[in-house]
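Novice: To convert, count from 1 in the sequence shown and add 118; that's our numbering. Please see the structure below; I have some questions.
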Amino acid sequence: MVYILLGTGFEETEAIVPLDLLRRADIPVLTVGINGKVVTGAHNIPVQADIALGQMDLTDMDMIVLPGGLGGVASIRASKEAMDAISFAWENGKFVAAICAGPTVLADLGITEGKKTTCYPGCEGGMGGAFCQEGKASVRDDRVITGTSAGCAIPFGLALIEALKGEQTANTIAQQFVIR
Numbered sequence: 119m120v121y122i123l124l125g126t127g128f129e130e131t132e133a134i135v136p137l138d139l140l141r142r143a144d145i146p147v148l149t150v151g152i153n154g155k156v157v158t159g160a161h162n163i164p165v166q167a168d169i170a171l172g173q174m175d176l177t178d179m180d181m182i183v184l185p186g187g188l189g190g191v192a193s194i195r196a197s198k199e200a201m202d203a204i205s206f207a208w209e210n211g212k213f214v215a216a217i218c219a220g221p222t223v224l225a226d227l228g229i230t231e232g233k234k235t236t237c238y239p240g241c242e243g244g245m246g247g248a249f250c251q252e253g254k255a256s257v258r259d260d261r262v263i264t265g266t267s268a269g270c271a272i273p274f275g276l277a278l279i280e281a282l283k284g285e286q287t288a289n290t291i292a293q294q295f296v297i298r
């Protein structure tokens, strides 16, 4: 199971595009509302989360995904339960993924220390000992997958698919999506 955390002020594109791609690849994925099941994104788009934060089954998790958006990232940081779920994923050998400002949360938890990453331009100062790869849409270093911005949501989503189901599946979804 993949869980995508949605906190008030999340960047809608960075959550919905990877969600769509993962579902096209037949990967089980649920959106998780941090402060309830209806979560309003950064551009005032309300999204009905599949489950509330307390309903996650961490023992069934393969990956946890953090969209960016400064409000969404602040919502994640403010939730001990969300931060504990991210730590649980990392400590139990699961994939952790974040895009835009989201990777700074991973840095807060020490997850990106010594890892190759990317993040929204200007957020590098919050990445601690990570090795930020400038000009990359998405970067994977072992179990850590990061993306740069809303404009990179497709390559980020495809990287999530590749991590879980392999390069061939990711390529098939990219072809179906008709990426030029």
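The beta carbon of each residue, even a glycine, is placed where N, CA and C say it ideally should be.
Write down every uninterrupted run of the beta strand (DSSP E) in the segment 195-225 whose length is 3 residues or greater and which is fully enclosed by it, in chain order.
Specialist: Fully enclosed beta strand (DSSP E) runs of 3 or longer: 213-217.
Novice: Would you report the Cα separation of LEU282 and SER256, rounded to the nearest angstrom?
Specialist: Spanning the two alpha carbons is a distance of roughly 15 Å.
Novice: Report yes or no: do three or more beta-carbon pairs, one from the segment 183-198 and one from the segment 212-225, lie closer than 8 Å?
Specialist: The answer is yes - the segment 212-225 touches the segment 183-198, with three or more Cβ pairs under 8 Å.
Novice: What's the gap between the Cα of SER267 and the Cα of CYS237?
Specialist: In a straight line, the C-alpha of SER267 is about 7 Å away from that of CYS237.
Novice: So who's on the other strand from THR149, going by DSSP bridges?
Specialist: BP columns for THR149 point to ILE122.
Novice: I believe LYS212 touches MET174 by the beta-carbon criterion, under 8 Å. Please report the beta-carbon distance rounded to the nearest angstrom.
Specialist: Actually they are not in contact, since the Cβ atoms of LYS212 and MET174 sit about 12 Å apart, beyond 8 Å.
Novice: Please state the DSSP three-state secondary structure of THR235.
Specialist: Residue state, collapsed to three classes: strand.
Novice: Please classify ARG298: does DSSP put it in a helix, a strand, or coil?
Specialist: In this structure, ARG298 counts as coil in the three-state DSSP scheme.
Novice: Quick check: the segment 190-204 against the segment 124-135, are there 3 or more CB pairs under 8 Å?
Specialist: The segment 190-204 vs the segment 124-135: in contact.
Novice: If we require 4 or more residues per run, which alpha helix (DSSP H) segments fall completely within the segment 238-267?
Specialist: Those alpha helix (DSSP H) runs which fall completely within the segment 238-267 and span 4+ residues do not exist here.
Novice: I'd like to know whether the C-beta atoms of VAL156 and PRO146 end up nearer to each other than 8 Å.
Specialist: No, Cβ-Cβ distance for VAL156 and PRO146 is not below 8 Å.
Novice: With distance defined between alpha-carbon atoms, name the residue in GLU285, LEU137, GLU280, LEU224 nearest to GLY247.
Specialist: Of the listed residues, the one whose Cα sits closest to GLY247 is LEU224.
Novice: Look at ILE291 and ALA277 and say whether their C-beta atoms are less than 8 Å apart.
Specialist: Result no, Cβ atoms of ILE291 and ALA277 do not sit closer than 8 Å.
Novice: Can you check DSSP and say which residues form a bridge with THR158?
Specialist: In the DSSP output, where bridge partners are listed per residue, THR158 has PRO164.
Novice: Mapping DSSP to helix, strand and coil, what is LEU184?
Specialist: Here LEU184 sits in strand by DSSP.
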